[in-house]
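Only one structure is covered here, and it is reproduced in the block below.
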């Protein structure tokens, strides 16, 4: 994926947090109004309904026509999950309502509304003029296919016609959708691709508009399985060939257009409305796709699907169309950890065992720490030993204060004899980094956490609030509220860092950053950065830090024997130690460097 689409703010934030933690290992709007569901909707019988569709087109010749203004009427398809409304003018979905979900302020969840959703197929006539299906009035016919509901909509094009056909199954968010023309070759220039123009505005549905917008974007598949996304800039544009689906992901809900016959090419555009106009609080982004459709034998014949539903990994993965990629679990190893370890474990706790989601997060945290405990043990052990060695290292520093090279040699020698090399503690810390980033991706995108409460947090997928600032008051970078879970996580980080850096702050090393500053910076960064993030994520880090502190206390008080470590050092001093190839090489390099340094001094 191209670098310009990377969410650098998120990566920078997480990198800074992890870098600070790693250092300690080495150096100790107004709400939408609900639409009346009882409003009148034009009902269509199973036989064709007579409309003014044919009269809406004035045929000029056998090769051209002029669309005339005409009004359409509404047609409805629904099952137990979806209410879809179509207009005979344009024949596309003008309204999509998800029956089982509500926004953060208890309003219905609409994925499409008439004024904010557009779908237009553009054909080129032989005389060069453009034919827009959004200007045509279609004749609707409703029927059934077993338990399925079928809606066919046709409009004349010259002496031929174009048909949009929709088929809805019970209990499914996915519709079958077909676009087919018949006998349009006398009017249409089939040597020039038809263009499908799909536009949509993404609505705000969560308490934190900024957090929701962070996970709102266009995802798409191309070239037989590759997937990509448009990114988070003020505006973004991507162009690819052989596109097989386009997903307008709106954090926890998505509208997806899939096709069996790949679109020859497509241009996908995203505009960040929230960033452009911070005064409004209705929309997050605006999407548009321009997709090239090829003719076959002078006609169009595309079998497609249209999905309106939740961005739920299990539901999307069940279609076996690579739609699970719409859920952002992270790239590379981070995605693998989430898909094959974190998600199954969390699902087992919440679905199979029926454990409440807040408690499940705590249990998940404990499980993760137990799995990582062998890896982390070495790091914690090294830190404890480094504290014991601090007086010895301070004596070396004082003894060789005028000889930096010799001081470094003796320091490394003492650390090696005690088995407390900083590098041996750093490596295990690096090994936990993939899990650290994987969980950072998992909690904000886990659909199961949406609107699930725990303690004072009424939605674990959004921020918790213990205090709301007065209207109009907003602290830059922090927000207009106070979240408690990030405060608790920050406090736990402070005590963790105090335990690991207390000794080094007393004897700062030359050239090293002020550890007291680092100790205060990390909790402050956590407090500000996570104030608008999912409270489930802050809960995880709070519990994780408590467990980490507990492990360190156990190691310090019950595993590490200070006298034994010091005795080991004295014994190693008395007994020559065999050096491995790497150690011998390093020793020679340092001795050569010291010799060169002394020679330079004598030359002066």
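In UniProt numbering, the protein residues as written are 1 to 604. The C-beta atom is built at its ideal place from N, Cα and C for all residues, glycine as well. A quick note: this is a predicted structure, and the numbers were derived from the prediction, not measured.
- Between residue 199 and residue 118, the beta carbon gap of about 4 Å places them in contact (Cβ cut-off 8 Å).
- Counting only the Cα atoms, residue 229 lies some 24 Å from residue 176.
- Looking at the backbone, the Cα of residue 567 and that of residue 339 are separated by about 48 Å.
- Relative to residue 87, the option among 474, 147, 114 whose CA is nearest is 114.
- The Cβ atoms of residue 168 and residue 316 do not sit closer than 8 Å to each other.
- Of the residues 210, 72, 258, the one whose Cα lies closest to the Cα of residue 275 is 210.
- Scanning its chain for C-beta atoms nearer than 6 Å, with the 5 sequence neighbours on each side dropped, one finds around residue 242 the residues 222, 223, 262, in chain order.
- Secondary structure note for residue 322: it is in no alpha helix (DSSP H), with a DSSP letter that is neither H nor E.
- Restricting attention to 547, 279, 532, the CA atom closest to the CA of residue 495 is found in 547.
- Residue 160 places its beta carbon less than 8 Å from that of residue 184.
- CA-CA distance, residue 278 to residue 485, rounds to 27 Å.
- Counting along the chain, residue 314 sits inside the alpha helix (DSSP H) bounded by residues 313-318.
- Secondary structure at residue 212: helix, using DSSP grouped into helix, strand and coil.
- Ranked by Cα distance from residue 468, the options 296, 481, 130 are led by 481.
- The region 123-143 and the region 90-99 touch, with three or more beta-carbon pairs separated by less than 8 Å.
- Here DSSP, grouped into helix, strand and coil, assigns residue 486 to helix.
- About 5 Å separates the CB atoms of residue 311 and residue 254; that is less than 8 Å, so the two are in contact.
- Note that the C-beta distance between residue 179 and residue 300 is below 8 Å.
- Rounded to the nearest angstrom, the Cβ distance from residue 189 to residue 293 is 13 Å, too far for a contact under 8 Å.
- Within the region 428-503, the runs of alpha helix (DSSP H) at least 4 residues long that lie entirely inside it are, in chain order, 433-445.
- Per DSSP, the continuous beta strand (DSSP E) segment holding residue 77 begins and ends at 74-78.
- Judged by beta-carbon spacing, residue 527 lies beyond the 8 Å limit of residue 361, meaning their Cβ atoms are not closer than that value.
- Under the DSSP definition of a beta bridge, residue 143 partners with 150.
- Under the DSSP assignment, residue 535 falls in the alpha helix (DSSP H) whose first and last residues are 535-554.
- Boundaries of the beta strand (DSSP E) around residue 108: 108-112.
- Taking the C-beta atoms as reference points, residue 84 is found no nearer than 8 Å to residue 74.
- Residue 106 has its alpha-carbon roughly 21 Å from the corresponding atom of residue 216.
- With a threshold of 16 other beta carbon atoms within 10 Å, residue 554 falls short and is exposed.
- Under the three-state reduction of DSSP, residue 205 is assigned to coil, being neither helix nor strand.
- When only Cα atoms are considered, residue 82 and residue 247 end up about 18 Å apart.
- For residue 288, the enclosing beta strand (DSSP E) begins and ends at 283-293.
- Taken through DSSP and simplified to helix, strand or coil, residue 349 comes out as helix.
- For residue 167, the enclosing beta strand (DSSP E) covers residues 160-168.
- Cβ-Cβ distances below 6 Å link residue 431 to 375 in the same chain, with the five nearest sequence neighbours on each side left out; the list follows chain order.
- In this model, residue 466 and residue 451 are separated by some 17 Å (Cα to Cα).
- Where residue 336 is concerned, the enclosing alpha helix (DSSP H) starts and stops at 333-337.
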